[in-house]
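Colleague: Taking our numbering, the leading residue of the sequence shown gets 1, the next gets one more, and so forth.
Don't be surprised by glycine CBs; every beta carbon is placed ideally from N, CA and C.
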Amino acid sequence: MHIFWKDLRPATQAAAESVGLPMIAAKMPDRGETLSLDLQDKTVQLAGYALPVDRDGDLVYQFLLVPWTGACSHMPTPPPNQIVLVTPAQPYRMSEAYQPVSVTGALWPGMEKSQLFILDGVSVIQSGYTVRKAEVVNVDAVPDTITLPVNSPWSFLNKKKN
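Printed below as a string of structure tokens:
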């Protein structure tokens with residue numbers, strides 16, 4: 001079943017584009033911790049941007065799937081219900097951070113904490129879902145990605161790579 005990022009949050013929760021980017025979990029009444037239990041143990045396909053958590057060179061053993069480029073390292077972290085911790089079935093060869101990918105596997109709701117090593121140190125990121133033994137493939141685009149406003153200091157992340 002193909003799902004979109006909106007399927008991972010309650011229908012009553014505002015989408016990032018309607019509350020202004022970046023969507024900051026601390027400003028949300030539930031801190032973005034309300035998860036969709038309807039999808040538990042269902043095989044889903046979700047496209048997003050891969051941010052490596054555990055890697056050795058270009059082989060990635062675990063990554064965070066996020067809904068827009070720059071999430072967690074260049075911008076504040078999305079709420080947990082908009083982050084998926086992915087463990088590929090086989091190590092995934094990644095050429096760049098925020099590579100657009102599609103992930104297929106059984107989705108499990110539940111809070112997980114991961115350490116993300118970024119330029120200015122270690123950050124602990126809380127994800128709301130996990131997919132283990134995931135099939136991961138590169139995609140050209142994420143259908144429901146959020147484009148940053150032109151006046152955003154992070155608008156450089158909108159640029160297409162050639």
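Kindly indicate the opening and closing residues of the beta strand (DSSP E) around Pro52.
Modeller: What you label residue 52 is simply residue 52 of the sequence shown in a count that begins at 1. Segment 43 to 56, the beta strand (DSSP E) holding Pro52.
Colleague: Ends of the beta strand (DSSP E) at Phe63?
Modeller: Looking up residue 63 in the sequence shown gives position 63. Where Phe63 is concerned, the enclosing beta strand (DSSP E) stretches over 59 to 66.
Colleague: Could you name the residues of the same chain whose beta carbon sits closer than 6 Å to that of Asp54, not counting the 5 residues immediately before and after it, in chain order?
Modeller: For the purposes of this step, residue 54 is taken as the residue at position 54 of the sequence shown. Correct list, in chain order: Tyr61, Gln62.
Colleague: Candidates Leu64, Pro91, Pro79, Gly105: which alpha carbon is nearest Gly48's?
Modeller: Position 48 of the sequence shown, counted from the start, is the residue given in the question as residue 48. When only C-alpha atoms are compared, the closest one is Leu64.
Colleague: Can you check which of these residues, Val103, Pro79, Gln99, is closest to Val124 by C-alpha distance?
Modeller: Within the sequence shown, the letter at position 124 stands for residue 124. Val124 has its Cα closest to that of Pro79, out of Val103, Pro79, Gln99.
Colleague: Output needed for Leu35: all residues of its chain with C-beta closer than 6 Å, excluding positions within five of it in sequence on either side, in chain order.
Modeller: As a working mapping, residue 35 is identified with position 35 in the sequence shown. Only Asn81, Pro109, Gly128 meet the Cβ criterion.
Colleague: Within 10 angstroms of its Cβ, does Gln90 collect 16 or more other Cβ (buried), or is it exposed?
Modeller: By one-based count along the sequence shown, residue 90 stands at place 90. When all chains shown are included, Gln90 counts as exposed.
Colleague: Keeping to the same chain, check which residues put their C-beta closer than 6 Å to that of Val86; ignore five residues upstream and five downstream.
Modeller: Within the sequence shown, numbered from 1, the residue matching residue 86 stands at position 86. Here the set comprises Phe63, Leu65, Val103, Val131, Ala134.
Colleague: Looking only at C-alpha atoms, which of Glu112, Thr69, Met111, Leu116 sits nearest to Val101?
Modeller: Start at 1 with the first residue of the sequence shown, and residue 101 comes out as number 101. The residue with the shortest Cα to Cα distance from Val101 is Thr69.
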